[in-house]
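2 protein chains.
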Amino acid sequence: MTTDARIPLSRERVLRAAVQLADEHGLRALTMRRLAEELGAEAMSLYYHVAKKEDVLDGIVDVVAEEINDAVARVEPSPDWKRTVRERILTARQVFLRHRWAPALFETRSSASIAVLRYYDALVGLMRDGGFSYDLVHHALHALGSRALGFSQELFDPGASASAEVPAELAWQLPNLVGMLSEIAHEDPDSTLGFCDDQTEFEFGLDVILDGLDRLRERA
Amino acid sequence: MTTDARIPLSRERVLRAAVQLADEHGLRALTMRRLAEELGAEAMSLYYHVAKKEDVLDGIVDVVAEEINDAVARVEPSPDWKRTVRERILTARQVFLRHRWAPALFETRSSASIAVLRYYDALVGLMRDGGFSYDLVHHALHALGSRALGFSQELFDPGASASAEVPAELAWQLPNLVGMLSEIAHEDPDSTLGFCDDQTEFEFGLDVILDGLDRLRERA
DNA sequence: ACCTGAACACCGTTCAAGT
DNA sequence: ACCTGAACACCGTTCAAGT
Numbered sequence: 271m272t273t274d275a276r277i278p279l280s281r282e283r284v285l286r287a288a289v290q291l292a293d294e295h296g297l298r299a300l301t302m303r304r305l306a307e308e309l310g311a312e313a314m315s316l317y318y319h320v321a322k323k324e325d326v327l328d329g330i331v332d333v334v335a336e337e338i339n340d341a342v343a344r345v346e347p348s349p350d351w352k353r354t355v356r357e358r359i360l361t362a363r364q365v366f367l368r369h370r371w372a373p374a375l376f377e378t379r380s381s382a383s384i385a386v387l388r389y390y391d392a393l394v395g396l397m398r399d400g401g402f403s404y405d406l407v408h409h410a411l412h413a414l415g416s417r418a419l420g421f422s423q424e425l426f427d428p429g430a431s432a433s434a435e436v437p438a439e440l441a442w443q444l445p446n447l448v449g450m451l452s453e454i455a456h457e458d459p460d461s462t463l464g465f466c467d468d469q470t471e472f473e474f475g476l477d478v479i480l481d482g483l484d485r486l487r488e489r490a
Numbered sequence: 271m272t273t274d275a276r277i278p279l280s281r282e283r284v285l286r287a288a289v290q291l292a293d294e295h296g297l298r299a300l301t302m303r304r305l306a307e308e309l310g311a312e313a314m315s316l317y318y319h320v321a322k323k324e325d326v327l328d329g330i331v332d333v334v335a336e337e338i339n340d341a342v343a344r345v346e347p348s349p350d351w352k353r354t355v356r357e358r359i360l361t362a363r364q365v366f367l368r369h370r371w372a373p374a375l376f377e378t379r380s381s382a383s384i385a386v387l388r389y390y391d392a393l394v395g396l397m398r399d400g401g402f403s404y405d406l407v408h409h410a411l412h413a414l415g416s417r418a419l420g421f422s423q424e425l426f427d428p429g430a431s432a433s434a435e436v437p438a439e440l441a442w443q444l445p446n447l448v449g450m451l452s453e454i455a456h457e458d459p460d461s462t463l464g465f466c467d468d469q470t471e472f473e474f475g476l477d478v479i480l481d482g483l484d485r486l487r488e489r490a
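Chains A and B, in that order, give the protein sequences.
In this text, residue positions in the first sequence follow this note's numbering: the first is 271, and each later residue adds one.
In this text, residue positions in the second sequence follow this note's numbering: the first is 271, and each later residue adds one.
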């Protein structure tokens, strides 16, 4: 989907096109040459608007982070810190569902973008107002990890390794896993997303942590 | 550090060299050409022992996973499930500290290696014996995420963005973050690893989750 | 059976040159 | 000021050829 070549390039146009390219064809398709093609320009033209590819990657992280900030800004605060924080995080998660490549990329960035810092700043403020000490907020951010931003990279999807996919010769080595999977498959035979409902699992993990943090806050 | 060229290549030698190369120079240095050079061979020779680069990456994930399995096998079980699981996870973490590139790579693998599955199988068994239903174990694995395997990718290290590094013009946009960081820096002026002690934070987050899971187990 | 040289299709990036 | 062509140093990988 090559766009009109008459519109002049700009950093913003480049970044928008990069996000769209990643949305449609994944991060691997995001090469400088392909990106330029998408914009109806030559690869070398991009370098007038961005320093290098890393700059593009930093840029699209920022674009997504701004999208998150816009989304969570519409969440109306509640007197209950946990309710507000929970809703903000689930709202942020919706943005990541629109940009499936983003979690992996966010984790490769070493220095946080300004937009990400603003996101965290608001979170810190909400928890502080909810009765947390700065010290506990700090621990809380580490405990939440990427969940605070709205995603949780699944290392191993128990559902993806459903019993059917495990070769019989392997099964005997994994009695507990096989047992667990067969029971789950039995109990929830028609889950839409395979055996594990990502949304349910994300909320489960999030609530375990938020509840735990709330208990620590009360005790302190 | 080129090794003796007279020793014939083998899949195992290739993978060992790949791990060592990543340990010493990072994942980015792990190219087929460089790897071959390290082994005193030509890049094309590698393809007789591995299918493609992805195969090498799958392979070194497996090597690390086996290293983890060896390490946790030496953890002696306790009647308290939480104690045992906690110690196993912290033991696994030690392995990741020796292979800093591994967390990022583990997260890019879509299908889990057999060794990783064995690790999870043992974990499932321990929790099941500790009184968990299969269903709760399943939720627990999702809640722990990569922490179950012994690492937690930090998206944004609050310590890395210490107040000193935040430009003054940005600080006013981040009042809560700046407040939090200045207090933490003040309270813990001489932490070795910067402002955040990774080990402490990892254990904090792990304990929040394990305690939460234990409470859910009791209630069920 | 195991290893290699030459070659291909791709990268990101520089630099001098065009308008 | 903005864009481009040619070129460079790298990738992973194929394939026919060597021993």
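Using N, Cα and C, we set each Cβ at its ideal position, and we do this for glycine too.
In the structure shown, residue 338 of chain B adopts helical secondary structure according to DSSP, grouped into three states. Under the Cβ distance rule, residue 384 of chain B counts among the residues neighbouring chain A, one pair being separated by less than 8 Å. Linking residue 388 of chain A to residue 314 of chain B through their CA atoms gives a straight-line distance of about 49 Å. Scanning chain B for C-beta atoms nearer than 9 Å to the C-beta of residue 318 of chain A yields nothing, as the closest lies near 26 Å away. Residue state for residue 318 of chain B is assigned as coil, using DSSP reduced to three classes.
Around the beta carbon of residue 377 of chain A, 16 or more other beta carbons lie within 10 angstroms, which makes this residue buried. Residue A:380 holds the alpha-carbon nearest to the alpha-carbon of residue 423 of chain B among A:449, A:398, A:366 and A:380.
The beta carbons of residue 331 of chain A and residue 281 of chain A sit about 14 Å from each other, so the pair does not count as a contact at 8 Å. With the criterion set as a beta carbon lying under 9 Å from some beta carbon of chain B, the segment 330-352 of chain A has no members that meet it. Rounded to whole angstroms, the Cβ separation of residue 338 of chain A and residue 476 of chain A is 16 Å, and the two are not in contact under 8 Å. For residue 306 of chain B, no CB of chain A lies under 8 Å from its own CB, so it is not counted at the interface with that chain.
Contact with chain A is absent for residue 365 of chain B, since none of that chain's Cβ atoms lies less than 8 Å from the residue's Cβ. One thing to note: residue 393 of chain B has its Cβ no nearer than 8 Å to the Cβ of residue 486 of chain B. Taking residue 472 of chain A as the centre and dropping the five residues before and after it, the same chain places the C-beta of 363 and 422 closer than 7 Å to its C-beta, in chain order. Put simply, the backbone Cα of residue 449 of chain B is about 12 Å away from that of residue 390 of chain A. Close to chain A, meaning a Cβ-Cβ distance shorter than 9 Å, are the following residues of the segment 437-450 of chain B: 440, 443, 444, 445, 446, 447, 448, 449 and 450. At a C-beta separation below 9 Å, residue 378 of chain A has these neighbours in chain B: 374. Cβ atoms of residue 289 of chain B and residue 333 of chain B come within 8 Å of each other, at about 5 Å. In this structure, the CA atom of residue 403 of chain B is about 8 Å from the CA atom of residue 397 of chain B. In terms of Cα proximity to residue 310 of chain A, the closest of A:284, A:327 and A:351 is A:284. With respect to chain A, the C-beta atom of residue 324 of chain B has no partner C-beta closer than 8 Å. The beta carbon of residue 400 of chain A lies closer than 6 Å to those of 351 in the same chain, with the five residues before and after it left out.
Using a Cβ distance threshold of 8 Å, residue 415 of chain A and residue 425 of chain B count as a contacting pair.
DSSP places residue 292 of chain B inside the alpha helix (DSSP H), whose first and last residues are 281-295.
For the C-beta of residue 423 of chain A, the chain B residues within less than 9 Å are, from N- to C-terminus, 377, 415, 416 and 423. For residue 482 of chain A, the C-beta contacts it makes with chain B under 8 Å involve 478, 479, 481 and 482, in order along the chain.
Counting only residues of its own chain and dropping the five nearest sequence neighbours on each side, residue 305 of chain B has a CB closer than 8 Å to the CB of 284, 287, 288, 291, 313, 316 and 326. Among the residues facing chain A, residue 471 of chain B is included, as its CB has a counterpart in that chain under 8 Å away.
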